[in-house]
Amino acid sequence: MPALLGRVFLRAATPSSQRASILLHRTMSLTPVQTDKAPKAIGPYSQAIKANGLIFCSGQVPFIPETMEILEGDVQAQTKQVLHNMKAVLEAAGSDLNHVVKTTVFLKDMNDFSKMNETYSEIFSGHKPARSAVEVARLPRDVKNANVDLSSRRLFKTILQDSLQQ
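Heads up: the sequence shown runs through residues 1 to 166, numbered per full-length UniProt numbering.
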C-alpha cells in the first residue's frame, strides 16, 4: 500500500542574510517493490521503492534468489547474476533495464573492473546509463566470495526512471 508524504518545510537564507521560510506542499506516493524472482532483502529495506515516476533500487549482490547463496564464480559470472537480479526487481516495478538512469558499481578489487565492464557492456549494449565505479573494502554482511555489488550498496546503486506515463 502506498505511503503518502505531505508537507515539506524548507528554510533558506536570503542574499541579505535574512531567513526566509518556504512551505511546499506536494503529495508523494511511495510504493515498495517486492519479487521472489530476486534475492530477498538482507536487512530492513525494500528491494526497490517507486516514488512519483522514479524507481530507487537497493543494491544487489550475486545471490541466487531461490537459495540466497552467493553464486560461485568469477566477477563476470557474478556481474551477470547481479544484473539478472536487478532486471527482476525492475520488471516487478513495471520497468526494465532500458530505463536505468544511473548505476554505481561497487567492486572489492578494482583489478576486476575490465572483466566486470565486459559483462556490463553485453547487458547494457544499446542504452548506456550514467555510471560510477568504486572499490570498497567490504560488502554488506561480509558476504564471502562476492566480488561485485550492483544497484545499491554492493555493485550498483541505481536510480531508475519509471514509465513517463505515470
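The beta carbon of each residue, even a glycine, is placed where N, CA and C say it ideally should be.
For the alpha helix (DSSP H) holding residue i, just list the boundary residues, first then last.
| i | result |
| --- | --- |
| residue 121 | 113-123 |
| residue 92 | 75-92 |
Assign residue i to one of two classes, buried (16 or more other C-beta atoms within 10 Å of its C-beta) or exposed (fewer than that).
| i | result |
| --- | --- |
| residue 96 | exposed |
| residue 126 | exposed |
| residue 128 | exposed |
| residue 44 | exposed |
| residue 147 | buried |
| residue 114 | exposed |
| residue 121 | exposed |
| residue 67 | exposed |
Looking at the unbroken beta strand (DSSP E) that takes in residue i, where does it start and where does it end?
| i | result |
| --- | --- |
| residue 104 | 100-107 |
| residue 54 | 54-57 |
| residue 133 | 130-135 |
| residue 37 | No beta strand (DSSP E) contains residue 37, which DSSP labels as neither H nor E. |
Could you check how far apart the C-beta atoms of residue i and residue j are, in whole angstroms? I think they sit under 8 Å.
| i | j | result |
| --- | --- | --- |
| residue 107 | residue 135 | 5 Å |
| residue 47 | residue 82 | That belief does not hold up - the Cβ atoms of residue 47 and residue 82 are roughly 13 Å apart, past 8 Å. |
| residue 140 | residue 55 | Going by Cβ atoms, the distance from residue 140 to residue 55 rounds to 20 Å, so no, they are not a contact pair. |
Measure the alpha-carbon distance for residue i versus residue j and round it to whole angstroms.
| i | j | result |
| --- | --- | --- |
| residue 37 | residue 90 | 11 Å |
| residue 62 | residue 99 | 22 Å |
| residue 124 | residue 93 | 19 Å |
| residue 71 | residue 51 | 31 Å |
| residue 103 | residue 133 | 8 Å |
| residue 105 | residue 53 | 23 Å |
| residue 110 | residue 35 | 31 Å |
| residue 65 | residue 85 | 8 Å |
| residue 117 | residue 57 | 20 Å |
| residue 130 | residue 87 | 17 Å |
| residue 112 | residue 73 | 13 Å |
For this session: Count the CB pairs spanning the region 26-36 and the region 69-85 that are closer than 8 Å, and state whether there are at least three.
Result: no
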